[in-house]
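Q:
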Amino acid sequence: MQVYLPIAEISVNIFLLFGIGGLVGVLSGLFGVGGGFLITPLLFFIGIPPTVAVATGANQVVASSVSGVLAQLKRKAVDIRMGFVLLAGGLIGSASGIYLFNLLQAMGQIDLAVQLSYVVFLGGVGLLMFLESLRAMRRTRGGAKRGKRHVHTWVHKLPLKMKFRTSGLYISVIPPLLVGMSVGVLAAIMGVGGGFIMVPAMIYLLGMPTKVVIGTSLFQILFTSAFTTMLHAITNQSVDVMLAVMLILGGVVGAQIGSQLGGRMKAEQLRILLAALVLLVAIKLGVDLVLRPSELYSIAPGGEQ
Amino acid sequence: MIRLVFLLCLLLASPARAEQVVAGLSRDSIGITASFDGSEILIFGAVKRFAPEPDGPLDVIVTLEGPHGPVTVRRKSREFGVWVNTSSVEIPSAPSYYAVATTAPMHEILAHEVDEIFRISVPEAMRSFSDAVERANAAPFAQALQRIRFKDGSYRLNTGDVSLLEDTLFRADFALPANLIEGDYVVRIFLLRKFRVIDDYSAPVKVRKVGLERWLYSLSQEYPPLYGLLSLAIAVFAGWAAAEVFRRIRG
Numbered sequence: 001m002q003v004y005l006p007i008a009e010i011s012v013n014i015f016l017l018f019g020i021g022g023l024v025g026v027l028s029g030l031f032g033v034g035g036g037f038l039i040t041p042l043l044f045f046i047g048i049p050p051t052v053a054v055a056t057g058a059n060q061v062v063a064s065s066v067s068g069v070l071a072q073l074k075r076k077a078v079d080i081r082m083g084f085v086l087l088a089g090g091l092i093g094s095a096s097g098i099y100l101f102n103l104l105q106a107m108g109q110i111d112l113a114v115q116l117s118y119v120v121f122l123g124g125v126g127l128l129m130f131l132e133s134l135r136a137m138r139r140t141r142g143g144a145k146r147g148k149r150h151v152h153t154w155v156h157k158l159p160l161k162m163k164f165r166t167s168g169l170y171i172s173v174i175p176p177l178l179v180g181m182s183v184g185v186l187a188a189i190m191g192v193g194g195g196f197i198m199v200p201a202m203i204y205l206l207g208m209p210t211k212v213v214i215g216t217s218l219f220q221i222l223f224t225s226a227f228t229t230m231l232h233a234i235t236n237q238s239v240d241v242m243l244a245v246m247l248i249l250g251g252v253v254g255a256q257i258g259s260q261l262g263g264r265m266k267a268e269q270l271r272i273l274l275a276a277l278v279l280l281v282a283i284k285l286g287v288d289l290v291l292r293p294s295e296l297y298s299i300a301p302g303g304e305q
Numbered sequence: 001m002i003r004l005v006f007l008l009c010l011l012l013a014s015p016a017r018a019e020q021v022v023a024g025l026s027r028d029s030i031g032i033t034a035s036f037d038g039s040e041i042l043i044f045g046a047v048k049r050f051a052p053e054p055d056g057p058l059d060v061i062v063t064l065e066g067p068h069g070p071v072t073v074r075r076k077s078r079e080f081g082v083w084v085n086t087s088s089v090e091i092p093s094a095p096s097y098y099a100v101a102t103t104a105p106m107h108e109i110l111a112h113e114v115d116e117i118f119r120i121s122v123p124e125a126m127r128s129f130s131d132a133v134e135r136a137n138a139a140p141f142a143q144a145l146q147r148i149r150f151k152d153g154s155y156r157l158n159t160g161d162v163s164l165l166e167d168t169l170f171r172a173d174f175a176l177p178a179n180l181i182e183g184d185y186v187v188r189i190f191l192l193r194k195f196r197v198i199d200d201y202s203a204p205v206k207v208r209k210v211g212l213e214r215w216l217y218s219l220s221q222e223y224p225p226l227y228g229l230l231s232l233a234i235a236v237f238a239g240w241a242a243a244e245v246f247r248r249i250r251g
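Read top to bottom, the protein sequences are chains A and B. Note that the numbering used here has the first sequence beginning at 1, numbered continuously upward. Note that the numbering used here has the second sequence beginning at 1, numbered continuously upward.
1. Could you compute how far the alpha carbon of R193 (chain B) sits from the alpha carbon of A111 (chain B)?
2. With 16 as the cutoff for other CB atoms within 10 Å, does V245 (chain B) come out buried or exposed?
3. Please identify, using Cβ separations under 8 Å, the residues of the region 240-252 of chain A that lie next to chain B, in order along the chain.
4. Going by CA-CA distance only, name the one from A:T56, A:S182, A:N102 and A:S259 that's closest to A201 (chain A).
5. Please check if any C-beta of chain C sits within less than 7 Å of the C-beta of P6 (chain A).
6. Starting from the C-beta of W240 (chain B), find all residues in its chain whose C-beta is less than 6 Å away, skip the five residues before and the five after it, and write them out in chain order.
7. Excluding five sequence neighbours on each side, which residues of the same chain lie with their C-beta closer than 7 Å to the C-beta of L42 (chain A)?
8. Looking only at C-alpha atoms, which of B:E182, B:P52 and B:F170 sits nearest to V62 (chain B)?
9. Out of A:V281, A:Q237 and A:M82, state which residue places its alpha-carbon closest to the alpha-carbon of I174 (chain A).
10. Taking only beta carbons into account, state which residues of the region 20-38 of chain B come closer than 8 Å to chain A, listed in chain order.
11. Verify the CB distance criterion: does R188 (chain B) have a CB-CB separation below 7 Å to chain A?
12. In angstroms, rounded to a whole number, what distance separates the CA positions of K21 (chain B) and I43 (chain B)?
13. Distance cutoff 7 Å, beta carbons only. Does P225 (chain B) sit that close to anything in chain A?
14. Between the Cα of L316 (chain A) and the Cα atoms of A:L296, A:L274, A:K211 and A:T51, which residue gives the shortest distance?
15. Expressed to the nearest angstrom, what Euclidean distance is found between the alpha-carbon atoms of L12 (chain B) and L191 (chain B)?
16. For I98 (chain A) and I48 (chain A), which I take to be in contact (beta-carbon distance under 8 Å), what is that distance rounded to the nearest angstrom?
17. With distances taken between CB atoms, is the gap from T102 (chain B) to T159 (chain B) smaller than 7 Å?
18. Could you say which of A:A8, A:M1 and A:R75 lies nearest to A233 (chain A) if we only look at CA atoms?
19. Taking only the alpha-carbon atoms, compute the straight-line gap between P301 (chain A) and F101 (chain A) and give it to the nearest angstrom.
20. Which same chain residues end up closer than 8 Å to R75 (chain A) when comparing Cβ atoms and leaving out the 5 residues on each side of it in sequence?
21. With a cut-off of 8 Å on the beta carbons, I'd call S117 (chain A) and F227 (chain A) a contact; round off their distance for me.
22. Find the residues of chain B that neighbour S292 (chain A), judging by a C-beta separation of less than 8 Å, and give them in chain order.
23. K76 (chain B) and L296 (chain A): beta carbons closer than 7 Å?
24. Comparing the C-beta of Q237 (chain A) with each C-beta of chain B, is any distance below 7 Å?
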């Protein structure tokens, strides 16, 4: 069964879209990630124009983070104050990201920019996660001791300090603002939530306790991606509601299946699997950039600006 | 049938050139609905004569042309080991869809200089809209545009797809692709003898999004903030509802 997507102006098999949504949903339920980093490349692959894929990806992230945030709020695992600081940075980042996105699109370099950021960020984070989980697996086998928890670094010397009670932190607002901003830029350009960057940054850079990290990052992601969706809708008219609904329907069902599956697996196994998956996507996109394409020319509607 | 009778009536009426084309379309508007999966259009007609048929074969070419718009064609080259778009040419106006159906191979029935006047073949149809294509360095880009559009089915050449009966009745079937864009399409019919066009005819076909597709598209174009909010509301509701439903199922 085909469905004509009104904004992408292309007719796509409806079950293919449910399948993509479902697959990404399973992964997000399994690993606790938004899945934006998979959905956008998959949409490129089935022929959705990049601008529509990125904008609709942001809309899908909104849906997948809502239920997560609600659950985390109930558990009181959200540092709302930290969330707002990250969000303030995120909104600035998202706005500049959209500006950059439109500029690159006019220059004909958006595909390259999106692919490069995927390769660099997914590759980097995937590699770090992979090494980290290998080390963790070795540590559990060897039974080694844990490191010191509070390490004072340059982060603690910055001005404009603020108390974050839920996280038990008294730090400058500058690092969280910067973290939020960089995630906002990525969200706009890559159509992702950015959890895969923010979670490690919150743990290692800001020193937040692990139990509030997921909830707080989801809180920031929800609002940043909502803002990004609005900006894409207003500046490019590139959000395809029909496409988003198909992906969301598949995604919410997949997420439930994923979280059931996830309950039966060990945390280290999950992490190493996620790392492998992230690396695989990065390698695939990287290879595409380096290999000679079969068609050197590409066409885009509209004139040069 | 009624149309055929109508055509025959036309055949008997109005005097003019020795041979004239009269034609009809199976539909003059196409609606793109949510379940749109391509469409078909039948173009049929007859040759009206006021004198005995001249010698030599009669041929027919039918073209169907989509709305025009500017297109930017970019070429990749290798920079620092990575394939990057490095050069581009803007084709000021190219048809989004262009299909040509003929009774015989084009070069056997149509003279090049006639093609230049009527802009019938794909390269000529594109040339008519842009001087840029004439520039020497732009030629590979214009060819690439044709190659890509032929490959994805937006441009077609269906040699032999016009069936001509008794040198009088003809028909051509066009299959429109699923990635059709909306706009004003034009059907053109050319009657040919000895490489020359002896008569031509054109008629519009309107392609429009309808129903939900129309509504969503206009909303996104005319009220972007409202459309954005609608997208968000749907996403938030779906996320919340899914979590609730599964919580109940488990609980």
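Beta carbons: idealized from backbone N, C-alpha and C, even for Gly.
A: Judging by the given coordinates:
1. What you label residue 193 (chain B) is simply residue 193 of the second sequence in a count that begins at 1. What you label residue 111 (chain B) is simply residue 111 of the second sequence in a count that begins at 1. Straight-line Cα distance between these residues: approximately 10 Å.
2. Stepping through the second sequence from its first residue, residue 245 (chain B) is reached at position 245. Per the 10 Å Cβ criterion, exposed.
3. If the cut-off is 8 Å between Cβ atoms, the region 240-252 of chain A has V241, M242, A244, V245, I248, L249 and V252 near chain B.
4. Stepping through the first sequence from its first residue, residue 201 (chain A) is reached at position 201. Considering only alpha carbons, the answer is A:S182.
5. Protein chains in the displayed structure are A and B, and chain C is not among them.
6. For the purposes of this step, residue 240 (chain B) is taken as the residue at position 240 of the second sequence. Close CB contacts of W240 (chain B) within its chain, under the 6 Å cut and outside five residues either way in sequence, are absent.
7. Translated into positions along the first sequence, residue 42 (chain A) becomes position 42. Taken in chain order, the residues that qualify are I20.
8. Sequence index remark: in the second sequence, residue 62 (chain B) carries index 62 (1-based). Nearest of B:E182, B:P52 and B:F170 to V62 (chain B), Cα basis: B:F170.
9. Position 174 of the first sequence, counted from the first residue, corresponds to residue 174 (chain A). Out of A:V281, A:Q237 and A:M82, the CA that lies nearest to the CA of I174 (chain A) is found in A:M82.
10. If the cut-off is 8 Å between Cβ atoms, the region 20-38 of chain B has I32, T33, A34, S35, F36, D37 and G38 near chain A.
11. Against the second sequence, residue 188 (chain B) aligns to sequence position 188. Under the 7 Å criterion on CB atoms, R188 (chain B) is classed as non-interfacial with respect to chain A.
12. In the second sequence, counting from the first residue as 1, residue 21 (chain B) sits at position 21. In the second sequence, counting from the first residue as 1, residue 43 (chain B) sits at position 43. According to the sequence as given, residue 21 (chain B) is Val; it is not Lys. Distance between the alpha carbons of V21 (chain B) and I43 (chain B) is about 12 Å.
13. Here residue 225 (chain B) corresponds to residue number 225 of the second sequence, with the count starting at 1. With 7 Å as the cut-off, P225 (chain B) counts as an interface residue toward chain A.
14. Because chain A in this structure spans residues 1 to 305, residue 316 (chain A) falls outside the shown range and cannot be described.
15. What you label residue 12 (chain B) is simply residue 12 of the second sequence in a count that begins at 1. What you label residue 191 (chain B) is simply residue 191 of the second sequence in a count that begins at 1. With a pLDDT of 46 at L12 (chain B), under the threshold of 50, the predicted position of this residue should be treated as unreliable, though the coordinate-derived value follows. Computed Cα separation, rounded: 19 Å.
16. Reading the first sequence from its first residue, position 98 is the one you call residue 98 (chain A). Reading the first sequence from its first residue, position 48 is the one you call residue 48 (chain A). Their Cβ separation, rounded to whole angstroms, is 19 Å, which puts I98 (chain A) and I48 (chain A) out of contact at 8 Å.
17. One-based indexing of the second sequence puts residue 102 (chain B) at position 102. One-based indexing of the second sequence puts residue 159 (chain B) at position 159. Yes. Within cutoff.
18. On the first sequence, residue 233 (chain A) is found 233 positions in, with the first residue counted as 1. For the set A:A8, A:M1 and A:R75, the Cα lying nearest the Cα of A233 (chain A) is the one of A:A8.
19. To locate residue 301 (chain A), count along the first sequence from 1; it is residue 301. To locate residue 101 (chain A), count along the first sequence from 1; it is residue 101. As the crow flies, the alpha-carbon of P301 (chain A) is around 17 Å from that of F101 (chain A).
20. Along the first sequence, read from residue 1 onward, the residue named residue 75 (chain A) stands at position 75. G215, listed in sequence order.
21. The residue labelled residue 117 (chain A) in the question sits at position 117 within the first sequence. The residue labelled residue 227 (chain A) in the question sits at position 227 within the first sequence. Approximately 19 Å separates the beta-carbon atoms of S117 (chain A) and F227 (chain A); this is outside 8 Å, ruling out the contact.
22. For the purposes of this step, residue 292 (chain A) is taken as the residue at position 292 of the first sequence. The amino acid at residue 292 (chain A) is misidentified as Ser; the sequence shows Arg. What R292 (chain A) touches in chain B: R78 and W83.
23. By 1-based counting over the second sequence, the position of residue 76 (chain B) is 76. By 1-based counting over the first sequence, the position of residue 296 (chain A) is 296. A contact, by the Cβ cut-off of 7 Å.
24. For the purposes of this step, residue 237 (chain A) is identified with residue 237 of the first sequence, where counting begins at 1. Taking Cβ atoms only, chain B reaches closer than 7 Å to Q237 (chain A), which makes this a yes.
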